[in-house]
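J.: Quick note on numbering: the sequence shown equals residues 123 to 519 in my numbering. Got a structure here, written out as structure tokens. Questions coming.
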Amino acid sequence: MSPGLDLAALERQVRPLLSAQRYEQAEALLRPLVASGTGPLAVWRWLASALRPQGKIAETRAIQEMLVAHAPGDYAARFDLSETLLLMGEFERGWREYRYRYSLAHTASIERKVQRPRWNGQPIPGKTLLIHDEQGYGDTFQFLRMVPWAKAKSGARLVLEVTPEAMPLARRMQGFDDIVARGSLPPPFDMHCELMSLPMAMGLTLGDLPGEIPYLRPDAQRVEQWRKRLADLPRPWVALAWAGRPTHMNDANRSLALSQLAPLADSGAAFVSIQKGPAEAQAAHPPGSMPLLTLGGEIRDFEDTAAILCLADLLVSVDSSPVHLAGALGVPVWVMLPFVPDWRWLLAREDSPWYPQARLFRQPARGDWGSVIDKIAGELRGFVVSARKQGRQNACA
């Protein structure tokens with residue numbers, strides 16, 4: 123590498139390529155600069171950012187390991203490594219590095235400043251343990267399963283704090299002594315733990331999953347209300363969600379347009395849209411001959427979503443909160459995943475240790491939703507035939 127390398131000029135070349143997802147070009151620009159195995163850490167960091175979206179996970183991990191070894195105080199590098207380790211199923215170290223998630227510039231503002239020690243998994247009988255959620259709704263639904271485990275391991279009086287939106291569902295869980303909504307004052311406690319720090323505290327392994335399924339349950343009254351609302355809809359019912367939260371950092375990679383689901387239309391299923399947010403408007407114009415009942419405007423909260431999912435025969439969705447809600451409820455769900463997915467879906471498998479009722483449909487190449495949807499369309503035709511022969515199988519409702 124030339125000792126006269128202008129890093130600022132190089133960054134002005136590399137950043138636009140990464141932003142435009144022209145990862146191969148970024149890689150071609152950067153590789154010669156580190157061909158000797160040495161070079162500025164910034165160049166290696168940019169190279170890792172170009173390699174990971176291409177699915178070159180092993181090489182990405184090697185670079186991230188090197189970055190952490192050379193700059194252990196670079197918390198962004200440690201967090202990037204954690205997500206790669208978790209994606210590879212290496213939970214033990216992955217969870218340890220994941221604790222650096224609140225040391226980043228864009229997350230420091232949402233860290234809960236708690237003036238009590240963090241629980242590290244030890245027995246604390248006679249004490250009070252506060253477990254509080256921290257990130258998105260999907261994260262909350264996914265990790266609530268660990269609350270009863272923490273209660274059993276700690277021997278403590280356990281207080282659970284969740285967002286007001288998730289609280290009605292969480293309230294019907296087992297494994298806590300008190301529950302409060304985020305934003306209200308919790309009762310006095312001795313130790314605390316973020317919901318997504320429980321895996322580190324308790325040494326969660328793949329072998330511990332999935333635990334008891336379902337661990338969330340719908341409200342019986344809401345189920346009956348929606349059963350009456352949907353009584354005239356022919357079976358089987360397939361719930362659809364095609365876009366996640368637009369403000370999510372990776373939303374462009376995980377969301378799609380309803381029009382792209384046109385190949386599902388002739389499967390024989392009746393579709394119900396549970397899509398919320400800006401993408402909900404697309405349901406007014408379903409693709410082709412898709413029989414789509416739009417429910418987004420009638421869905422008031424997660425209690426409604428849970429009731430609808432428990433009545434449906436299947437959820438087909440991108441990686442967003444309804445997937446985790448369906449999984450926690452024990453509802454069959456088919457998840458459409460980008461080429462390099464979020465860490466929780468691991469690599470090269472069609473099932474999920476988190477949710478036994480889930481099937482994963484992965485892009486075979488970056489941006490290739492067409493292959494995913496065509497595969498789902500074929501599988502859905504078989505699902506409809508089987509569902510009509512067997513009748514309603516979902517015991518959730």
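Built from N, CA and C at the ideal position, the CB exists for glycine as well.
Do Asp441 and Val457 have their CB atoms nearer than 8 angstroms?
T.: Taking 8 angstroms as the Cβ cut-off, Asp441 and Val457 qualify as a contacting pair.
J.: Can you list, in chain order, the residues of its chain whose CB lies under 8 angstroms from that of Lys350, leaving out five sequence neighbours each side?
T.: Excluding residues within five positions, none has a Cβ falling inside 8 angstroms.
J.: To which residues of the same chain is Arg488 closer than 6 angstroms at the C-beta, ignoring the five residues directly before and after it?
T.: Excluding positions up to five away in sequence, the list reads Phe461.
J.: Could you please give me the residues that DSSP links to His254 through a beta bridge?
T.: Glu283 and Glu316, per the DSSP bridge assignment.
J.: Is it buried or exposed for Ala434, if we count other Cβ within 10 angstroms and need 16 for buried?
T.: Under this definition Ala434 is a buried residue.
J.: Would Asp423 be called buried (16 or more neighbouring beta carbons within 10 Å of its own) or exposed?
T.: Exposed is the call here.
J.: According to DSSP, Trp241 sits in a beta bridge with which residue or residues?
T.: Answer is none; Trp241 lacks a bridge partner.
J.: Applying the criterion that 16 or more other CB atoms from any shown protein chain within 10 Å of the CB defines a buried residue, is Phe273 buried or exposed?
T.: Sequence inspection shows Lys at residue 273; the Phe mentioned does not correspond to that position. Classification of Lys273: buried, given that the 10 Å Cβ count is 16 or more.
J.: Does DSSP put Val440 in a helix, in a strand, or in coil?
T.: Strand.
J.: With DSSP run on the structure shown, which of helix, strand or coil describes Ile246?
T.: Of the three classes helix, strand and coil, the one that applies to Ile246 here is coil, per DSSP.
J.: Pull up the CB-CB distance for Gly243 and Lys275, whole angstroms please, since I reckon it's below 8 angstroms.
T.: Confirmed, about 6 angstroms.
J.: Using the Cβ count rule (16 or more neighbours within 10 Å means buried), how would you classify Glu133?
T.: That one is exposed.
J.: Can you tell me which of the three DSSP states Ser411 falls into?
T.: If DSSP states are grouped into helix, strand and coil, Ser411 belongs with coil.
J.: Relative to the C-alpha of Ser319, which residue among Arg267, Pro308, Leu152 and Ser306 is closest?
T.: Among Arg267, Pro308, Leu152 and Ser306, the Cα nearest to that of Ser319 is on Arg267.
J.: Rounded to whole angstroms, what is the Cα-Cα separation between Gly504 and His314?
T.: Taking the straight line from one Cα to the other gives about 48 angstroms.
J.: According to DSSP, Thr327 sits in a beta bridge with which residue or residues?
T.: In the DSSP output, where bridge partners are listed per residue, Thr327 has none listed.
J.: Can you have a look at Gly410 and say buried or exposed, based on whether 16 or more other CB atoms are within 10 angstroms of its CB?
T.: Exposed, by the Cβ-count rule.
J.: In angstroms with no decimal places, state the Cα-to-Cα distance between Leu282 and Pro194.
T.: So the two alpha carbons sit approximately 33 angstroms from each other.
J.: Any idea what DSSP makes of Ile301, helix, strand or coil?
T.: Correct three-state label for Ile301: strand.
J.: Just to confirm, is the Cβ distance from Gly216 to Pro245 under 8 angstroms?
T.: Cβ distance not < 8 angstroms, so Gly216 and Pro245 don't count as in contact.
J.: Which value, in whole angstroms, describes the spacing of the CA atoms of Ser231 and Leu502?
T.: Annotation note: pLDDT 49 at Ser231 (below 50); position unreliable, no value reported.
J.: Whole angstroms are fine: how far does the CA of Ala170 sit from the CA of Glu181?
T.: If I take the Cα positions, the gap works out to 8 angstroms.
J.: Hey, would you say Pro340 sits closer than 8 angstroms to Leu451, going by beta carbons?
T.: Going by C-beta atoms, Pro340 is nearer than 8 angstroms to Leu451.
J.: Can you tell me whether Arg510 is buried or exposed, with buried defined as 16 or more other CB within 10 angstroms of its CB?
T.: Label assigned to Arg510: exposed.
J.: Give every residue of the same chain whose Cβ lies closer than 6 angstroms to the Cβ of Val136, excluding the five residues on either side of it in the sequence, and list them in chain order.
T.: Closer than 6 angstroms at Cβ, skipping near neighbours: Ala148 and Trp168.
J.: Grouping DSSP H, G and I as helix and E and B as strand, with all else coil, what is Ser231?
T.: Model confidence at Ser231 stands at a pLDDT of 49, short of 50, so the residue's coordinates are unreliable and nothing is read from them.
J.: For Lys359, which beta-bridge partners are listed by DSSP?
T.: With the sequence shown as reference, residue 359 is identified as Trp, and Lys is not the correct amino acid for it. Trp359 pairs with Ala392.
J.: Suppose contacts are defined by Cβ-Cβ distances below 8 angstroms. Is Ser439 in contact with Ala363 by that definition?
T.: A contact, by the Cβ cut-off of 8 angstroms.
J.: Should Thr160 go down as buried or exposed, given a rule of 16 or more other Cβ atoms within 10 Å for buried?
T.: Exposed, by the Cβ-count rule.
J.: Can you tell me the Cα-Cα spacing of Leu198 and Tyr222, whole angstroms?
T.: As written in the sequence, residue 198 is Ala, which differs from the Leu given in the question. Ala198 and Tyr222: Cα-Cα distance of roughly 8 angstroms.
J.: Pick out the complete alpha helix (DSSP H) segments inside the stretch 417-471, 4 residues or longer, and give them in chain order.
T.: Entirely contained in the stretch 417-471, the alpha helix (DSSP H) runs reaching 4 residues are, in chain order, 424-433 and 443-451.
J.: Helix, strand or coil for Ala130 per DSSP?
T.: Reduced to three states, the DSSP call for Ala130 is helix.
J.: Is it true that the CB of Gln264 sits closer than 8 angstroms to the CB of Glu467?
T.: Checking the sequence, you will find Trp at residue 467 rather than Glu. In this structure, Gln264 does not lie closer than 8 angstroms to Trp467 by Cβ.
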